[in-house]
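Engineer: So the sequences go chain by chain: A and B. Residues in the first sequence are numbered consecutively from 1, following the UniProt record's numbering. Residues in the second sequence are numbered consecutively from 1, following the UniProt record's numbering.
Protein chains: 2
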Amino acid sequence: MVSAGAMSGSGNLMDFLDEPFPDVGTYEDFHTIDWLREKSRDTDRHRKVHAVHKDGAWALLHAVEDSGWLSLLLPGTLAGVIDLAVDWMTDLKEGICLSAFWYSHEQCCWTSNETTFEDRDKCPLWQKWSELLVKQSEGASAYILNYLMYILWALLFAFLAVSLVRVFAPYACGSGIPEIKTILSGFIIRGYWGKWTLLIKTVTLVLVVSSGLSLGKEGPLVHVACCCGNFFSSLFSKYSKNEGKRREVLSAAAAAGVSVAFGAPIGGVLFSPEEVSYYFPLKTLWRSFFAALVAAFTLRSINPFGNSRLVLFYVEYHTPWYMAELFPFILLGVFGGLWGTLFIRCNIAWCRRRKTTKLGKYPVLEVIAVTAITAIVAYPNPYTRRSTSELISELFNDCGALESSQLCDYINDPNMTRPVDDIPDRPAGVGVYTAMWQLALALIFKIVITIFTFGMKIPSGLFIPSMAVGAMAGRMVGIGVEQLAYHHHDWIIFRNWCRPGADCVTPGLYAMVGAAACLGGVTRMTVSLVVIMFELTGGLEYIVPLMAAAVTSKWVADAFGKEGIYEAHIHLNGYPFLDVKDEFTHRTLATDVMRPRRGEPPLSVLTQGSMTVEDVETLIKETDYNGFPVVVSRDSERLIGFAQRRELIPAIKNARQRQEGIVSDSVMYFTEEPPELPANSPQPLKLRRVLNLSPFTVTDHTPMETVVDIFRKLGLRQCLVTRSGRLLGIITKKDVLRHMAQMANQDPESIMFN
Amino acid sequence: MVSAGAMSGSGNLMDFLDEPFPDVGTYEDFHTIDWLREKSRDTDRHRKVHAVHKDGAWALLHAVEDSGWLSLLLPGTLAGVIDLAVDWMTDLKEGICLSAFWYSHEQCCWTSNETTFEDRDKCPLWQKWSELLVKQSEGASAYILNYLMYILWALLFAFLAVSLVRVFAPYACGSGIPEIKTILSGFIIRGYWGKWTLLIKTVTLVLVVSSGLSLGKEGPLVHVACCCGNFFSSLFSKYSKNEGKRREVLSAAAAAGVSVAFGAPIGGVLFSPEEVSYYFPLKTLWRSFFAALVAAFTLRSINPFGNSRLVLFYVEYHTPWYMAELFPFILLGVFGGLWGTLFIRCNIAWCRRRKTTKLGKYPVLEVIAVTAITAIVAYPNPYTRRSTSELISELFNDCGALESSQLCDYINDPNMTRPVDDIPDRPAGVGVYTAMWQLALALIFKIVITIFTFGMKIPSGLFIPSMAVGAMAGRMVGIGVEQLAYHHHDWIIFRNWCRPGADCVTPGLYAMVGAAACLGGVTRMTVSLVVIMFELTGGLEYIVPLMAAAVTSKWVADAFGKEGIYEAHIHLNGYPFLDVKDEFTHRTLATDVMRPRRGEPPLSVLTQGSMTVEDVETLIKETDYNGFPVVVSRDSERLIGFAQRRELIPAIKNARQRQEGIVSDSVMYFTEEPPELPANSPQPLKLRRVLNLSPFTVTDHTPMETVVDIFRKLGLRQCLVTRSGRLLGIITKKDVLRHMAQMANQDPESIMFN
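1) Enumerate in chain order the residues of its own chain whose CB-to-CB distance from B:GLY725 is below 6 Å, with the five nearest sequence positions on each side excluded.
2) Considering only the alpha carbon of each residue, which of B:PRO170, B:TRP110, B:LYS39 and B:SER185 lies closest to B:GLY455?
3) Where do the N-terminal and C-terminal ends of the alpha helix (DSSP H) with B:VAL605 fall, by residue?
4) So if DSSP puts A:TRP129 in a beta bridge, which residue, or which two residues, is it bridged to?
5) When we look at the beta-carbon of A:MET740 and count the other beta-carbons within 10 Å, is it buried (16 or more) or exposed?
6) Indicate whether at least one CB of chain A lies closer than 8 Å to the CB of B:LYS713.
7) List the endpoints of the continuous alpha helix (DSSP H) containing B:LEU331.
8) Could you name each continuous beta strand (DSSP E) segment of 3 residues or more that falls completely within the segment 192-230 of chain A, going from the start of the chain to the end?
9) Closer than 7 Å between beta carbons: that is the criterion. Which residues of the segment 573-593 of chain A meet it against chain B?
10) Specify the secondary structure class of B:ALA100 as computed by DSSP and reduced to three states.
11) Run through chain A and tell me which residues come within less than 8 Å of B:PHE297, C-beta to C-beta.
12) Just to make sure I have the definition right: I need the residues of chain A whose C-beta is within less than 9 Å of the C-beta of B:ILE458. Which are they?
13) Are B:SER604 and B:SER633 closer than 8 Å when you measure CB to CB?
14) With a threshold of 8 Å between beta-carbons, can A:TRP286 be considered close to chain B, or not?
15) Mark B:GLN107 as exposed unless 16 or more other C-beta atoms lie within 10 angstroms of its C-beta, in which case mark it buried.
16) Counting Cβ pairs closer than 8 Å, one from the segment 284-294 of chain B and one from the segment 546-558 of chain B, do we hit at least three?
17) Measure the C-alpha to C-alpha separation of B:ASP23 and A:GLU647 and round it to an integer number of angstroms.
18) Check A:MET668 in the structure and name its three-state DSSP category.
19) On the DSSP letters alone, give me the boundaries of the beta strand (DSSP E) that B:GLN406 sits inside.
20) Quick check: the Cα distance between A:GLU366 and A:TYR625, rounded to an integer number of angstroms?
21) Is DSSP giving A:ILE640 helix, strand or coil here?
22) Short check: CB of B:VAL616 to CB of B:ILE652, under 8 Å?
23) Let's see if you can read the secondary structure: which residues bound the beta strand (DSSP E) around B:ARG426?
24) Reducing DSSP to helix, strand and coil, say where B:MET456 ends up.
25) For the pair the segment 705-715 of chain A and the segment 680-694 of chain A, tell me if three or more CB-CB distances fall below 8 Å.
26) Below 8 Å on C-beta distance, what does B:ARG595 contact in chain A?
27) List, in order along the chain, the chain B residues whose C-beta lies closer than 8 Å to that of A:PHE313?
28) Of the choices B:LYS195, B:GLY186 and B:ALA256, whose alpha-carbon is the least far from that of B:GLY244?
29) By the criterion of Cβ-Cβ separation under 7 Å, what are the contact partners of B:MET525 in chain A?
30) Checking 8 Å against the spacing of the C-beta atoms, do A:VAL721 and A:MET512 come in under that value?
31) So, at 8 Å on beta carbons, what are the nonlocal neighbours of B:ILE177 in its own chain, with the 5 sequence-adjacent residues on each side left out?
32) Hey, quick one: how far does the alpha helix (DSSP H) through B:ARG723 stretch, first residue to last?
33) Which value, in whole angstroms, describes the spacing of the CA atoms of A:ALA154 and A:GLN438?
34) Within this structure, are the beta carbons of B:THR388 and B:GLN406 separated by less than 8 Å?
35) Roughly how many whole angstroms lie between the Cα atoms of A:GLY561 and A:PHE329?
36) Which of helix, strand or coil does DSSP assign to B:LEU395?
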């Protein structure tokens with residue numbers, strides 16, 4: 001069925017795809033890839049390998065390549081190591097283990113046999129710095145010494161971290177998720193997944209988390225996991241030579257990253273298509289799932305949390321929730337939305353200031369200053385002194401009978417002996433009131449300091465601080481509702497479900513709902529957020545409160561601005577990111593967006609058989625376009641194809657060096673047969689093999705809505721605009737982004753790269 | 001920035017989109033929709049409504065429309081009602097409750113106070129038919145009477161069901177999932193989601209499940225949920241008038257269907273994009289999630305399973321699994337893959353026979369015959385007599401201390417008193433050996449009868465029978481391994497993990513793994529399958545065994561044929577379904593696929609200003625194409641647009657009736673200005689508004705791989721092929737499907753619809 005003409009055509013295509021020149025098909029840094037082309041190149045490679053190896057060998061090769069997915073053991077392992085190291089170094093700020101300095105506080109006391117369960121926090125082997133240095137454990141001077149040591153360690157860790165990042169791996173800073181989103185959407189940032197980035201990000205992540213700064217390890221862990229994925233993909237040419245295939249691996253690695261960050265494999269699988277991945281083929285779903293599971297199980301076998309649970313904050317509540325509680329849950333959702341808006345606005349304003357003023361020139365000083373302030377303010381308050389994950393964990397917890405926390409200092413009814421699990425609501429004791437004040441102060445501090453911390457030149461994640469803000473607010477609301485219900489159980493709203501002596505309000509659940517709301521407000525995640533939270537509790541029971549809060553928070557935050565923090569940072573940095581979620585509803589046409597505009601000089605085009613080598617070389621030198629449309633002649637302007645700059649240059653260079661008779665006056669032709677030339681003209685140069693004979697075209701009347709859809713779904717880099725077959729102009733991804741920014745009343749020049 | 005030329009162009013476009021004729025924009029039955037067009041129409045509607053209503057009113061309208069999602073309460077309610085009705089009618093085959101005939105066996109005995117927990121199955125109020133009719137409960141004659149009553153009821157139910165389907169709603173038969181996949185991919189089958197289909201499918205589903213046929217209610221429940229979704233969407237013009245938007249609702253409804261079928265909301269959310277949805281915008285993810293949750297919670301509040309659990313088969317295992325057990329798990333995976341292959345081949349062969357021979361003419365007789373055979377063979381065996389869901393539930397269960405089932409008839413060590421949960425492995429008793437024989441017979445029967453049952457003209461799902469086959473095989477393997485481990489715990493493979501007195505093998509887990517393997521082999525689901533199974537157990541613990549079995553099963557089954565049962569039925573019925581998962585890797589070009597082929601008469605085109613009304617009318621009459629490309633002139637063949645038949649016909653008719661001076665000799669023009677005509681020529685007819693000025697084009701050199709990708713991702717209906725701006729031909733979705741079938745060595749003429 002294949003006609004002769006088509007065969008010769010595909011013969012040429014084959015030449016073209018065989019990549020005769022070494023750097024054809026690779027992209028330059030900060031450029032956008034062409035998904036359709038990458039896909040077609042992969043199919044081609046597939047066919048070629050298939051032709052060489054017979055079925056058996058091919059299957060074997062395939063198996064070897066696929067076994068490479070085992071490198072996904074790495075993120076799990078790294079996450080485990082990071083957790084252990086952070087544990088140790090956080091405790092190092094307070095004291096040291098005498099039996100073995102590499103033990104954390106908990107490990108130190110576990111290994112010592114002298115401690116009972118009640119005194120599990122106090123053991124002679126663990127010494128605070130004051131005990132070790134001046135043999136004092138109480139008193140003002142001991143307190144000040146410990147305070148100073150705490151600040152010193154924090155400064156040391158922070159200084160080390162920011163220096164390492166500056167010297168060895170500038171890409172290791174930040175959470176990495178904005179860049180991951182952009183790169184996965186088809187942008188090239190070389191070195192972003194490099195081995196140095198992997199190493200330095202892992203080490204500095206430990207340092208900054210231990211230094212007590214208000215940041216989390218979740219976002220950076222996703223970046224680290226992607227680096228692992230990239231390291232693996234560099235081992236196989238199938239992935240390393242094809243930017244499209246490489247992004248499939250990276251999508252799966254991102255899922256693995258979330259999976260180990262929270263111990264939530266299914267949440268990780270959903271996070272990947274919902275948040276970071278742009279071009280998510282269905283078969284990636286299965287691989288992501290596999291990656292997420294392998295990573296989760298590696299982490300569990302390392303068991304850094306010491307509870308043989310997969311999850312970071314395992315909670316078990318004993319009471320259901322009641323309809324009336326939806327009201328405070330929705331209030332928490334509103335709080336989360338407001339916090340998200342406030343945080344995004346302030347953080348972006350501060351980051352813009354950092355970019356545009358002198359401030360940005362002293363990143364080390366900035367980190368040191370923020371660390372110093374954090375440490376000085378944080379130490380006196382027990383809720384900010386400890387690590388943020390521990391704080392969240394405590395806030396989420398239900399008050400069991402064995403709980404010694406200040407938050408569980410309720411006044412017990414001495415006459416009652418009850419099973420451990422089912423403690424009725426009790427009046428709050430002194431400890432709870434103290435805790436409320438401290439939590440309120442900690443909340444304000446956390447809100448302020450996080451705004452200044454996120455975006456500094458160190459690895460910094462947002463999930464944990466956001467969750468902490470929400471958990472503190474939630475716990476306070478929860479305790480408030482609980483005490484209200486205890487003291488006023490005759491009120492009409494409590495009468496139906498909260499009799500005296502019943503366990504009706506679980507403040508820990510409020511903390512969890514608050515955390516979900518705040519995280520949702522900042523990141524605008526929905527499904528994956530709820531699933532992650534669901535995996536933390538492991539019960540369907542509490543999905544409705546979580547969903548109610550997440551939806552409210554998203555609605556409230558969206559009312560003030562559609563962008564989540566990651567999109568806001570993408571815009572701030574001017575990355576060319578075409579969001580899948582943005583709907584383009586304006587009534588503009590392709591003709592309004594294409595270049596050249598009315599009055600601009602005409603498009604630089606090549607003709608199929610009338611330009612000389614010199615003409616083309618001049619054109620290439622004088623312009624910096626990535627490619628040139630090829631037309632039949634300047635008069636007819638009928639489009640026949642598209643030649644890429646990066647293929648044209650080596651092809652001409654190559655021909656000039658190796659092919660005889662090619663001089664500046666040689667006519668360059670893109671047709672199958674050379675044009676008819678005068679008798680004494682020099683040897684013509686055939687360049688059909690660098691010509692893309694199937695450029696993507698739309699007509700000038702195509703609505704931009706359709707054009708945006710095509711760019712998104714097919715991952716195009718550029719698209720030619722024609723009318724009745726005549727070339728009118730070109731639309732690049734950057735033009736589309738500029739136009740979208742313009743329509744949204746933003747500065748179109750903020751999109752910087754191409 | 002919008003230039004004047006563009007404005008006039010968009011003015012015309014506006015005319016065109018304003019739908020001046022009543023039936024413009026609707027599709028005929030068994031036609032394919034154009035996704036890009038539907039999307040653009042929705043944006044247009046959006047803009048129009050936005051312009052009329054001001055922001056406040058618009059938000060309100062939006063809220064009302066979105067509150068319509070509450071109609072998703074319906075699937076949950078229906079599922080609950082179906083469960084209750086099936087319970088009652090299944091028991092009706094064995095006996096009746098004297099206190100209230102509408103009570104099922106369990107409800108009857110629960111409400112009677114005379115029964116103890118031990119005798120919960122026996123209560124005087126519940127009477128078997130023999131007790132009621134001849135006052136005998138034991139003995140051969142009682143047995144025969146009960147046997148006969150069982151067969152009679154089964155036949156009655158089946159006859160009612162098949163008659164109802166035949167008379168009222170022919171679309172209510174089958175599982176519906178192949179049709180749902182096809183329709184969601186953009187095909188029109190009118191009446192498939194009708195109210196009659198909803199009603200009849202619900203009623204007949206109860207009847208056929210109760211009749212004891214080897215079929216499940218899960219697939220049909222997805223269809224029922226989609227019908228509910230369609231019913232909702234018919235209430236709002238936003239959805240009912242736009243086939244694209246309607247499909248978004250249906251995707252969410254499908255998620256709700258799976259969610260209620262298994263009580264697995266997250267599994268449902270993943271099922272929708274993985275299995276049924278074709279065009280799955282991200283915002284649908286959130287709606288699906290919402291739909292799935294609402295449905296699940298409605299079902300729970302109805303509480304048909306009486307255990308206040310969300311899930312159909314809730315299990316709780318007390319022991320972990322061991323590495324060595326992976327071997328039997330993988331064996332079960334192989335079994336699942338083989339079963340899947342066998343089932344698909346035999347079932348398709350039988351269904352093809354039904355389609356092509358006389359057999360298909362007697363659907364009622366066929367159903368009666370299969371029901372009779374099923375009832376006759378099933379009754380004597382306790383594992384086939386009961387409902388299949390009960391069977392699966394029993395097979396999944398771990399043997400606790402209170403378990404009275406025959407499968408748990410182990411020989412207890414009289415010296416041991418142990419907590420209830422932690423029973424060590426014990427030698428099998430007589431009951432277990434009997435059960436093994438009965439299970440083996442039941443397995444063979446189930447395998448054979450399911451092949452003949454699926455595809456009859458009644459609602460029939462496959463999930464439950466497949467799971468039952470796997471669960472039976474799995475339980476038998478599990479008991480085998482358990483006894484092997486008990487009797488030979490000195491063998492090297494058992495020595496490490498199975499000491500005497502330990503509870504090391506859980507046969508119920510094997511049943512679950514077997515069920516997952518068999519379901520995977522038949523449907524080729526992966527992620528959603530594992531997530532559904534994970535939601536059933538509610539623990540991450542057993543994901544690895546489930547995954548191992550699901551992957552093995554998929555590999556084994558794929559080795560024999562890539563198609564799952566639903567794809568196989570789609571092919572059998574010749575639906576135009578372009579699978580997202582199929583990779584097209586052949587090296588053909590657009591020119592090889594386009595019509596007209598070499599030697600065929602040229603494409604029927606319209607010219608922009610030289611054809612008369614009569615010419616066009618003749619062309620429309622003589623051909624049956626859905627649309628015609630419009631070119632500048634027959635000589636230049638430069639493409640300017642595409643006119644759809646269903647817009648052209650009413651436009652001409654309209655003009656002839658209402659517009660003065662339009663006669664057969666009137667020149668029809670598609671340009672902005674009328675062509676220059678001789679002085680005495682009749683009034684020309686302007687038809688630019690029916691012209692689509694942005695038809696989708698590719699060049700003849702475009703690889704088919706790219707074309708297939710474009711058709712899939714953009715949901716195109718047709719695409720024009722050009723070379724240097726000249727029109728060469730057209731490719732329709734049907735051409736693409738035919739070409740793909742041809743490349744896969746299938747009969748291209750098997751694709752029947754367009």
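Quick reminder that beta carbons are idealized off the backbone N, C-alpha and C, glycines included.
Structural biologist: Concretely, from the data shown:
1) The residues are ARG638.
2) Nearest of B:PRO170, B:TRP110, B:LYS39 and B:SER185 to B:GLY455, Cα basis: B:PRO170.
3) It is not in any alpha helix (DSSP H) - B:VAL605 carries neither H nor E in the DSSP assignment.
4) For A:TRP129, no pairing in a beta bridge is given by DSSP.
5) So A:MET740 counts as buried.
6) It does: the Cβ of B:LYS713 has a partner Cβ on chain A nearer than 8 Å.
7) Counting along the chain, the alpha helix (DSSP H) containing B:LEU331 begins and ends at 326-356.
8) For the segment 192-230 of chain A, not a single whole beta strand (DSSP E) run of length 3 or above is found.
9) If the cut-off is 7 Å between Cβ atoms, the segment 573-593 of chain A has VAL580, LYS581, THR585, ARG587, THR588, LEU589, THR591 and ASP592 near chain B.
10) Correct three-state label for B:ALA100: coil.
11) Residues of chain A passing the Cβ test: VAL544.
12) Near B:ILE458 there are no residues of chain A at all, since even the closest Cβ is about 32 Å away, more than 9 Å.
13) No, the Cβ-Cβ distance between B:SER604 and B:SER633 is not below 8 Å.
14) Answer yes: the Cβ-Cβ gap between A:TRP286 and chain B drops below 8 Å somewhere.
15) That one is buried.
16) The segment 284-294 of chain B vs the segment 546-558 of chain B: no contact.
17) Its pLDDT being 40, under 50, B:ASP23 is placed unreliably by the model, and the measurement read from it follows with that caveat. Straight-line Cα distance between these residues: approximately 51 Å.
18) Of the three classes helix, strand and coil, the one that applies to A:MET668 here is strand, per DSSP.
19) First-last for B:GLN406: undefined, no H or E at that position.
20) Whole-angstrom Cα-Cα distance: 40 Å.
21) Strand at A:ILE640.
22) Yes; because the gap between Cβ atoms is below 8 Å, this pair is in contact.
23) Secondary structure note for B:ARG426: it is in no beta strand (DSSP E), with a DSSP letter that is neither H nor E.
24) If DSSP states are grouped into helix, strand and coil, B:MET456 belongs with coil.
25) By the Cβ rule, the segment 705-715 of chain A does not count as touching the segment 680-694 of chain A, because fewer than three pairs are nearer than 8 Å.
26) Within chain A, no residue comes near B:ARG595; the closest Cβ sits about 12 Å away, beyond 8 Å.
27) Proximity of chain B to A:PHE313 at the Cβ level (cut-off 8 Å) is not reached, the minimal Cβ distance being about 15 Å.
28) For the residues B:LYS195, B:GLY186 and B:ALA256, the minimum Cα distance to B:GLY244 belongs to B:GLY186.
29) Residues of chain A whose Cβ lies closer than 7 Å to the Cβ of B:MET525 do not exist; the shortest such Cβ separation is about 10 Å.
30) Against a cut-off of 8 Å, the Cβ pair of A:MET512 and A:VAL721 comes out as no contact.
31) Closer than 8 Å at the Cβ level, and outside the excluded window around B:ILE177, lie GLY219, VAL222, HIS223, GLU275, VAL276 and TYR566.
32) Segment 718-723 is the beta strand (DSSP E) holding B:ARG723; no alpha helix (DSSP H) there.
33) Cα to Cα, A:ALA154 sits roughly 22 Å from A:GLN438.
34) Their beta carbons are not under 8 Å apart, which means B:THR388 does not touch B:GLN406 by this criterion.
35) Rounded to the nearest angstrom, the two C-alpha atoms are 22 Å apart.
36) In the structure shown, B:LEU395 sits in a helix (DSSP, three-state: H, G or I).
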